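> Every position in the sequence shown, counted from 1, becomes a number in our numbering once 323 is added.
Okay, handing you the structure first.
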Amino acid sequence: ISRALYSLGYLALRRGNLREASGLYQESIAIALQETANLPRTTWVLACCLEGIAEIAIAQGQARWSVLLLAAAEALRNAKRYSNPIGKQQPFYERTLAAAQTKLGQETFVTLWAQGQVMTPAQALAAGESVPLITPPAFSPGELTAREVEVLRLLALGLTNNQIAEQLTISARTVN
324 ISRALYSLGY LALRRGNLRE ASGLYQESIA IALQETANLP RTTWVLACCL
374 EGIAEIAIAQ GQARWSVLLL AAAEALRNAK RYSNPIGKQQ PFYERTLAAA
424 QTKLGQETFV TLWAQGQVMT PAQALAAGES VPLITPPAFS PGELTAREVE
474 VLRLLALGLT NNQIAEQLTI SARTVN
């Protein structure tokens, strides 16, 4: 069912019906998330849906969200060890990436890509444009160091200690 919904979403997107495509992708994701625990081969459907929503996001001027979605999809493809490059082989994938890089600049793109790589699909979907670019602050609020503020911001995004440790290349104990 999730594969069929993904395919219908893809067709709606190709026809320019962003609202319908988004709804179908969301429905497919809800089912795929349930199936993923039992059927790792369905993870490509989830990744493709995230990539489709990323295309919708870039079309609506939400480049930051688009990058987070694409990065989360890439991480999902790599984590499940089941490779099906269906979405990545479509021309829209490269166009979406290029549009995001152009709009955001390489440095911002790379920072957001790193953030998206440690997000779960649900976190990436929930992020929308509300996710700020995480960069070290020019000053430290209160008695916190710049690194502590970085950890705090990642924690506020909903990342686990292990995900934060991986992104900042520190130990989970240090994060704690």
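A virtual CB, placed ideally from N, CA and C, is assigned to each residue, including glycine.
All figures in this text were calculated on a predicted structure; none of them were measured in a lab.
So the alpha helix (DSSP H) Val433 belongs to, where does it begin and stop?
Start and end: Gln429 to Gln440.
> Excluding the five sequence neighbours on either side, which residues of its own chain have a C-beta within less than 6 Å of the C-beta of Pro455, listed in chain order?
Any reading at Pro455 needs caution, since the residue's pLDDT is 45, under 50, leaving its predicted position unreliable; the model's value is listed next. Correct list: empty, nothing qualifies.
> Are the region 331–347 and the region 385–401 touching by the rule of at least three beta carbon pairs closer than 8 Å?
no
> If distances are taken between C-alpha atoms only, which option among Val472, Ile376, Ala495 and Ala447 comes closest to Phe415?
Ile376
> Assign Thr366 to one of two classes, buried (16 or more other C-beta atoms within 10 Å of its C-beta) or exposed (fewer than that).
buried
> Tell me whether the beta-carbon of Leu427 lies closer than 8 Å to the beta-carbon of Leu420.
In this structure, Leu420 does not lie closer than 8 Å to Leu427 by Cβ.
> Just reading off the alpha helix (DSSP H) that Gly332 is part of, what are its end residues?
Ser325 to Arg337
> My output table needs one value for Thr443: the three-state DSSP class, helix, strand or coil.
Of the three classes helix, strand and coil, the one that applies to Thr443 here is coil, per DSSP.
> Starting from Thr365 and walking both ways along the alpha helix (DSSP H), at which residues does that stretch end?
Per DSSP, Thr365 belongs to no alpha helix (DSSP H) and is neither H nor E.
> Is it the case that the Cβ atoms of Pro273 and Leu331 are separated by a distance below 8 Å?
This structure cannot settle anything about residue 273, because the visible part of the chain is limited to 324 through 499.
> What do you get for Gly439, buried or exposed, if any count of 16 or more other CB atoms within 10 angstroms of its CB means buried?
buried
> Please return the same chain residues whose Cβ sits closer than 7 Å to the Cβ of Asn484, not counting the five positions on each side in sequence.
Spatial neighbours of Asn484 in its own chain (CB-CB distance under 7 Å, excluding positions within 5 residues in sequence) are listed in chain order as Ala495, Val498 and Asn499.
> Kindly indicate which residue of Val368, Val474 and Glu397 has the alpha-carbon position closest to the one of Ile324.
Val368
> Taking the alpha carbon of Arg470 as the point to measure from, which residue in Gln424, Ile352, Ser389 and Leu491 has its own alpha carbon closest?
Leu491
> Roughly how many angstroms separate the alpha carbons of Thr431 and Ala447, rounded to a whole number?
17 Å
> Can you tell me whether Ile379 is helix, strand or coil according to DSSP?
helix
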